[in-house]
Structure formats: structure tokens, C-alpha cells
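Beneath this line is the structure, given in C-alpha cells, with notes to follow.
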Amino acid sequence: MSWEWSVIWEYLPRLWQGALLTLELVFFSGLIGIILAVPLALMRASHNWVLRALPFAYIFFFRGTPLLVQIFLIYYGAAQFDVIKDSALWPVLKEPYWCAIIAFSLNTAAYSAELIRGAIQAIPKGEIEVSQALGMSKATMIRRIILPRSFGIVFPAYSNELLLMLKGSALASTITLLDLTGMARTIIARTYTPLEMFFAAGMMYLIIAGVMIGCFRLLERRINRYQYYKLDPSQR
Amino acid sequence: MELQGFGHLLLSGTWMTVQLAVSSLLIGLVIGLIGASAKLSDSRILRGIATGYTTIIRGIPELLLVLTLYFGGSQLIMLVAAWFGHDDYIEVGPFAAGVAALSIAFGAYATEVFRMAMLEIPKGQWESAAAMGMGKIQTFFRIILPQLWRLSIPGLGNLFQVLLKDTALVSVVGLNELMRQAAVGAANTKQPFDFYMAAALLYLGLTLIATVITMMLERWSKPELRGSRA
Amino acid sequence: MIRKLFAAGIALATLAAAPVTLAADKIRIATEGAYAPFNMVDSDGNLIGFDVDIANALCEQMEVECEIVAQDWDGIIPGLRARKYDAIIASMSITEERLRVVDFSEKYYSNVLAFVAGKDKNLDVSKKGLNGLVVGAQRATIAGQMLEDKYSDVVTVKLYDTQDNAYLDLASGRLDALLSDKFPAYDWLRTDDGQGFEFKGEDLDINDEIGIAVRKGDDLKDDFSAAIKAIVANGKYEEINKKYFPFSIY
């Protein structure tokens, strides 16, 4: 029972293919997730309790249950109903790829919505009052003040959420997708070298996570640049 | 929802899930305490090891960890055992692999929670304990640890919620916990939606119970709040 | 000289003791109890199944008393080595890894693979016939490996964590066919869910032999091998086989 480096090198191109699918899943789910999360968060922060209740139930469900259950509900659960199997939705739901995207998006939307809501509520009251005093309409205020401000506040936490998404995306392998984890498992079925393959896959996840963290740092400096702004000493 | 006599399977699965979560919690807490102490220690080597551990675990999917320890666990243990001159054939089961993976993952995040809590305890307390003639270990168990709980409970409560949900991953290697039993029911009745929905509701119940227990512990750990209506 | 005497003494002692121990000591046999229809537990808690019937027939043939015990799969080989029991009859494949730590008797059955698909499908399981189809198998099984190795150039391979999930996708229509161990699949085909499906084409022989594990160097290995040959020859094996499968699994 020895360690085989050669098997890692041999299958590196296929692992890379898997990594590309992982990146694709994270990117699209993150994008759809944030698009869903913004209205959810705005509703959650609303003063109307009916508007508040709906996203609450949604967020409660998706944050309180395992992602694996959500994926299986969508992938295997949908196939239980002939109504769905006969509908125009089936060509989409038939594909594990779309089921994964749907599950990941809905899941990350729930977590992001809570983060954004927290950020909206963290905007200093004075800024809201000032914009009201300036005669801004509610829509203008949301667009010009609330969203940009909360985005700046939420960014560090949101980048953390994206990293959790990266880890969660490994579950795509449970519905037959060949993402990085799925590819590693499929290769192992042939080579019987679990430690080597999982090690290689783990390293690739770490590299992806590292690159993501680097990008977030740069973006963070750009988005919240007022926090990094230093007075030019010559102008003192 | 029609469970067609498979309801008892879901209940036995839920019990297994609870056992898995609690075992991993206990071991994970120990790992977290050791990790935090290492991160705050004076030894550069210990700090390096602890930082490496938390960085790696936070970048690697929990599912990959479960799979590695299940499929590679035997190989790993046998490699170590061979080093000590044993040649036993050891198979690692799904429960052991699950507890190992979940507690390692929990421990990494708990390390951070404990570290933050330890930093919040004023250095003066260590110094006064030393002045009273207490040793480092005695100070840790008598003075620091009791306060650590209080400061860590909210953070640990969140981590436990994550842990509870992560137990579902162990179904992938065949442990008969809630998720796996739901899959068995789904396959036998051809009603996957009903069974996974039932499982989802049971998980919701578990996370809810965990939240309530966390809140109770939080109150109990803060004597100033006891008896008040928070 | 002293040494020689001593050795002779041991030889005499073992000779004298041998028949006694064989008669007094019963053979303890471990099985898992969670692999229907080969070994499982009935509602009264008794171990039943093909493996158990074979174990009893072999003991009868060897004219020894046997006790069958249940043991979790994880600890089944360590338990044998720790002398908790003397043999394992639990549908265990003879593999290189296991042969390093235990000995195996001759095979007592062979695992084969088969394709399963809908009865309404006219499926030709040659490479040509499967071309362009979606075929599933359980991951980390010989069927999954076979599919990846031999068919991945013509079919879309889908690997599942559990056999049950593969059955679900076969039923939902996401899979055109499934490659599986034949005997568990045979059990599934007899359930209500399996009614719409059947085996297609010939079995695939994968040289997967199931044997009885004993401690390294234990003579029981040869006793079991001889007994297996004997019950195959005298028809006892066929009788048990028929109880579970209408085709021979030897």
C-alpha cells in the first residue's frame, strides 16, 4: 500500500475538467442567488408583516435543512409527479446540471438574503433620514443609498458565503454530476487510489478558494475604498 | 404525506443523526480547545500547525472529508499502524468515518470561536492567577474555561446547526441516518418527494430544538440574565 | 537431543488432543446479516439467507457442530483474526487486499453482472446497441468500474451513491439502462417497483469469486473447500440455490 504520485499526474487533466464544472456551478448559482436575495432581503426588512412572512418561511426552510435534502427534493422529488414529468419543465429538471444550479441558487439566496437584511439594518439611520429629507422617492432611495451602502457592508460576509458555496458544490457529485469531487470519485472507481485522488482534489479546492479569497480582497478594497482612503500627508 | 409504514425508519434514522451529531460535537469541542490553545501559544510550530489545520479545513468540502476518511481511512490507519509494526487489517466504518470528518470540520471552526473568546478574557486574569500560585493548567481549567463557555456559546450554537445539517453527508457512505433512511423509503415506495420532505421537516425540528437549547444555555451561562425575561 | 524429545512430546500431545478438540470445539462462523437475500435477520432475530443455508450444509457435510454469529462488516475481518470466530461466510469477494491478511476457501458462488432495462425497451446490450444511451451503475462497485472501463466511449455513464437512487432514475426515465450485480437486482425485479423491468442480454462474467475466509494457515480452509465440492456434487448446493434463484449462481 504505497503512495502513487503518477496516478495524480495521469488524471490531472480530468480533475481540471471537474474543477471547471465546479467553478461554473458556483458562478451561476452565486449570480442567480444574489438576484433572488435582493428582493427577499428588501421584503424581509419591510414594515408590512405579510411581506415579511413569506421570505421568512422560505429562508427558515432553506437555512434549517441540509443542502443534500434540498438537492434530492429537486432532483428525485420532482420526478415523483407525472404533472411535472409531462410539463415543459421536465427537459430542464431531467438534467442534473440544472437541478444542481436550482438547488444551489435557492440555498445561497436564503443565506445571502439574511446577510443583506442585516446590512440594510446596519445602515446608519441618519443616512436614511437625510435621503428622506432630500425628498428622494422610496425607489430612488433603495437604488442610490440602501443597496450600494448595504452591498459595501455585506461584502466581507458575502464573500464568505461564496466560499461556503464552493464547498457545498461538492454535493453535485451525489446527483451524478462530474464536478471536482464527482470526477475524483469516478476516477477512484477505476484506479482504487482514494487517498491520492481525494488529496489532489482537496488541493485543487484549496487553490480555487485561495484565488477566490485574493479576488475578494481586491474587490473589497475597491468597493469600500473610502475606508482605505488616507489623507495625503503633504496636504495636511 | 403518505409514508406507507416507513415512518419508523425515519425515526430510527433521526436517532442515528442525533448520535452522530452529539459524538462529533463532543470530539469537535476538544479539538477546538486544543486548536485555540495552539493558536495562542508561544510556540511558532504549534501556531503554524493550528493555522494550517484551520485554513485547509475551511477550504475543503466536508463531503470530500467524509469520503476521504471512509474510503481512505483504512489505508491511512494501516499506514500509521505499519509504522508502529502492526499489520492488522482495519476497516473504517461509516459511523467512525462520519464522526471523524464532522468533528475535524467542527473543530476547525470551533478553534476560531474559542480563540476569539480567549482573547476577550483579560490577560490580567492569567497574571493574577499566577500571582496566587496557580499553574498554567490549573488556571486554564479553574479560571479560563468556565468563562470561555459563556463567551463561546452563541458561536458554538451556530456551528452546531451547521454540524447537524452536515450529518446528512454521511448518508453518502451508507450510514443509516435520517437522510439515508429517507432514501430507502423513497426507493421502496417510489415517493421520493414525500420522504425527502418528511426528512426536511425532521431536520427543521432538530435545528429548532438545537436553537432552543442554545438559547437556554446562553441564559444559564449568564447569571445576570437568570430570572429576567429576555 | 532434549530438543528432539520435546518436539516429539508436542507431536504426541497434539495427536492425542486433536480428535478431542475437534469433537468438543464447535466451529464458529460469522456473517453480517444485512445483505439480502444472502444474509439477513428475520423478524424473530434469526440469521437466515443463502450464506446461512450454505454454512449449515457445509457443517453437516464436515460433520462438525457450528454456531453462526452476526458481526458488523467493519469488524468482521479483525474479529476473525482475534479468534472471536473461525470463519466468515458473508458473501465476501476474494480480493488481493484481503488475501494478505486471511485465507480463502474455493469459491462458493460467483458474482456476475447484468444489464437491467424496461420491458418495453428492445435493448441490444452490445456496444453498438448501447450507443448513445444513458446507462447508470452504483459508484465504487465492480459494475461502476466496468461501465467506466468498457462502455464509457459509447454511452453516457451516470454513477450513483446507492443502488436505490439508480433504481429511482431508471423508473423516472433519466436512465435507459442499469448495469448491476445480478443477484441483488434479481431481488429488486421481484418487487412491485421492478415489475416493469427485466434483465437484458447475457450475464457479464467478471471473475468475482465469493469465498469463505479463515485465519491465515488454518486447515479449515481445505476442509471447507472439500465440503463445498461435496455439496455441489451431491445436489445439496443446487437445492439451496433453487430456494433463492431459478438460475445457478455457482
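Residue numbers (my numbering), protein chains in the order written: chain A, 1 to 236; chain B, 1001 to 1230; chain C, 2001 to 2250. Glycine is no exception: its CB is placed at the ideal position from the N, C-alpha and C atoms.
Query: If you draw a straight line from the alpha carbon of W3/A to that of M183/A, how long is it in whole angstroms?; Result: 20 Å
Query: Give me the Cα-Cα distance between P66/A and T1207/B, rounded to the nearest whole angstrom.; Result: 10 Å
Query: Looking only at its own chain, which residues have a Cβ that is under 7 Å from the Cβ of T209/A, when we skip the five neighbours before and after it?; Result: Sequence inspection shows Ala at residue 209/A; the Thr mentioned does not correspond to that position. Taken in chain order, the residues that qualify are L163 and L166.
Query: Identify the contact partners of S2248/C in chain A, using a Cβ-Cβ distance below 8 Å as the criterion.; Result: Simply none; closest approach about 29 Å.
Query: Between the C-alpha atoms of F1193/B and F72/A, what's the straight-line distance to the nearest angstrom?; Result: 8 Å
Query: For the beta strand (DSSP E) that F2199/C lies in, which residues bound it at each end?; Result: F2197 to R2215
Query: Suppose you measure from the CA of K2107/C to the CA of I2240/C; what does that come to, to the nearest Å?; Result: 16 Å
Query: Under three-state DSSP, which class holds M2146/C?; Result: helix
Query: Under a Cβ-count criterion, where at least 16 other Cβ atoms within 10 Å of its own Cβ denotes burial, should T289/A be classed as buried or exposed?; Result: With chain A running from 1 to 236 in the structure shown, residue 289/A is simply not present.
Query: Going by CA-CA distance only, name the one from L1025/B, W1015/B, T1017/B and F1006/B that's closest to N1158/B.; Result: L1025/B
Query: Counting only C-beta atoms, is T181/A closer than 8 Å to chain C at any point?; Result: no
Query: For I35/A, I'd like the list of residues in its chain whose CB is within less than 6 Å of its CB, leaving aside the five on either flank, ordered along the chain.; Result: none
Query: Please list the segments of the alpha helix (DSSP H) lying wholly inside the region 1–74 of chain A, counting only runs of 4 or more residues, in order along the chain.; Result: 5–44, 49–64 and 67–72
Query: If you reduce the DSSP assignment to three classes, tell me which class F2224/C lands in.; Result: helix
Query: Would the region 1040–1057 of chain B count as touching the region 1168–1177 of chain B if we require 3 or more Cβ pairs under 8 Å?; Result: no
Query: Would you mind sorting T1017/B into buried or exposed? The rule is 16 or more other CB atoms within 10 Å of its CB.; Result: buried
Query: What are the residues of the region 76–97 of chain A that lie near chain B, defined by any Cβ-Cβ distance shorter than 9 Å?; Result: Y76, G77, A78, A79, Q80 and F81
Query: For M1216/B and K1222/B, what's the separation of their Cα atoms in angstroms?; Result: 10 Å
Query: Please report the straight-line C-alpha distance between G33/A and L1076/B, rounded to a whole angstrom.; Result: 39 Å
Query: Please name the residue in L2113/C, I2088/C and L2204/C whose C-alpha comes closest to that of S2105/C.; Result: I2088/C
Query: Would DSSP call N2046/C helix, strand or coil?; Result: coil
Query: Whole angstroms is fine: what's the gap from E1127/B's alpha carbon to F1140/B's?; Result: 12 Å
Query: Out of F1006/B, F1106/B and Q1019/B, state which residue places its alpha-carbon closest to the alpha-carbon of G1028/B.; Result: F1106/B
Query: Between the alpha carbons of A1991/C and Y2250/C, how many angstroms are there, rounded?; Result: No information on residue 1991/C is available, as it lies outside the stretch 2001 to 2250 that chain C covers here.
Query: Since Y205/A meets chain B, which of its residues come closer than 9 Å, beta carbon to beta carbon?; Result: G1059, I1060, P1061 and L1064
Query: Which two residues bound the contiguous beta strand (DSSP E) that contains K2158/C?; Result: T2156 to Y2160
Query: Mind pulling the chain A residues with CB within less than 8 Å of R2098/C?; Result: Those within 8 Å of R2098/C in chain A number zero; the least Cβ separation is about 13 Å.
Query: For the alpha helix (DSSP H) holding L1217/B, just list the boundary residues, first then last.; Result: P1192 to S1221
Query: Between the alpha carbons of G152/A and L219/A, how many angstroms are there, rounded?; Result: 10 Å
Query: Mind listing which residues of the region 2133–2167 of chain C have their C-beta closer than 9 Å to chain B's C-betas, in chain order?; Result: A2140, D2161, T2162, Q2163, D2164, N2165 and Y2167
Query: Please specify which runs of the alpha helix (DSSP H), each continuous and at least 4 residues long, are wholly inside the region 1154–1196 of chain B, giving them in chain order.; Result: 1178–1189
Query: Would P96/A and T176/A be called neighbours here (beta carbons separated by less than 8 Å)?; Result: yes
Query: Which term fits W49/A, buried or exposed, when burial requires 16 or more other beta carbons within 10 angstroms of its beta carbon?; Result: exposed
Query: Got a sec? Which residues, its chain only, sit under 7 Å from I1057/B by beta carbon, not counting five neighbours each side?; Result: I1104, A1105 and A1108
Query: For A1129/B, which residues in the same chain have their Cβ closer than 6 Å to its Cβ, ignoring the five residues on either side in sequence?; Result: T1139 and I1143
Query: So if DSSP puts V130/A in a beta bridge, which residue, or which two residues, is it bridged to?; Result: DSSP, once it has assigned bridges, lists no residue as partnering V130/A.
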